[in-house]
Amino acid sequence: MGSSAFYIVDEREKAIVFQFGEIVASSEEAGLYFKVPIINNVKFFDARIQTMDAAPQLYLTREKKNLVVDSFVKWRVRNARDYYTKLGGLSSNARNRLSQRVNDALRREFGNRTVQQVISGDRVEIMTNVRTNIDDEIRSLGIEVIDVRLKRVDLDPDISERVYQRMEAERSRVAKDLRA
Numbered sequence: 001m002g003s004s005a006f007y008i009v010d011e012r013e014k015a016i017v018f019q020f021g022e023i024v025a026s027s028e029e030a031g032l033y034f035k036v037p038i039i040n041n042v043k044f045f046d047a048r049i050q051t052m053d054a055a056p057q058l059y060l061t062r063e064k065k066n067l068v069v070d071s072f073v074k075w076r077v078r079n080a081r082d083y084y085t086k087l088g089g090l091s092s093n094a095r096n097r098l099s100q101r102v103n104d105a106l107r108r109e110f111g112n113r114t115v116q117q118v119i120s121g122d123r124v125e126i127m128t129n130v131r132t133n134i135d136d137e138i139r140s141l142g143i144e145v146i147d148v149r150l151k152r153v154d155l156d157p158d159i160s161e162r163v164y165q166r167m168e169a170e171r172s173r174v175a176k177d178l179r180a
């Protein structure tokens with residue numbers, strides 16, 4: 001009975017104490033904590049940094065051209081009480097909500113830029129803006145966004161094919177000029 005009166009919160013986790021189904025406390029820091037056996041029960045949540053790897057998505061640029069963007073997000077549980085009450089304590093719910101927010105933020109960012117701006121150098125600014133925007137929105141859910149990264153940004157396959165055909169035609173024209 002004495003050993004069940006204490007619970008240990010590891011550095012890698014956060015905990016919530018329930019009393020008859022109601023949240024009565026949360027343990028955000030690592031340590032040894034007291035609970036009343038039988039009356040209180042404890043639920044633990046992983047507080048380590050987690051990765052949400054999104055499937056590649058199509059986004060329209062300001063010029064109405066499609067880009068295929070592959071991204072990922074690093075996140076962790078910041079507040080166990082909010083995480084449990086707003087997301088049910090399920091990482092799948094957190095990933096779904098985070099995925100929606102990231103998708104919306106990327107859509108806004110790419111919609112304000114040209115293909116040239118995206119591919120040439122605005123990536124750092126895009127990632128910073130997306131992280132800031134979604135972190136502000138997602139904090140109320142008990143989640144903290146650590147990082148947002150773009151793994152890959154490609155032209156839509158149809159556009160890529162046309163670009164290659166244009167490059168090929170240009171090379172053929174230059175070769176003809178040199179032969180002549």
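Be aware that the sequence shown starts at 1, since it is given in UniProt numbering, and climbs by one per residue.
Cβ coordinates follow ideal geometry from the N, Cα and C atoms, glycine included.
Bear in mind the structure is a predicted one, so any value in this text is a computation, not a measurement.
- Sequence-distant Cβ neighbours of E144 in its own chain, meaning closer than 6 Å and more than five residues away, are R76, R78.
- Cβ-Cβ distances below 6 Å link D147 to K74 in the same chain, with the five nearest sequence neighbours on each side left out; the list follows chain order.
- Contact between F34 and F6 holds: their C-beta atoms lie close to 6 Å from each other, under 8 Å.
- G31: member of the beta strand (DSSP E) spanning 31-34, first to last residue.
- With contacts defined as CB atoms closer than 8 Å, R97 and L141 qualify as a contacting pair.
- Ranked by how close their Cα comes to the Cα of A15, the residues E125, G21, E29 have E29 in first place.
- DSSP places N79 outside both helix and strand once states are collapsed to three, so it counts as coil.
- Per DSSP, the continuous alpha helix (DSSP H) segment holding D136 begins and ends at 123-138.
- With 16 or more other Cβ atoms inside 10 Å of its own Cβ, N133 counts as buried.
- Contact between Q19 and N40 holds, since their C-beta atoms are separated by about 5 Å, short of 8 Å.
- Inside the segment 144-179, DSSP marks no whole beta strand (DSSP E) run of 3 or more residues.
- In terms of Cβ geometry, T61 and V118 form a close pair [threshold 8 Å].
- Membership of I119 in any beta strand (DSSP E) is not indicated; the residue belongs instead to the alpha helix (DSSP H) covering 115-120.
- The C-alpha of D53 is placed about 34 Å away from the C-alpha of M167.
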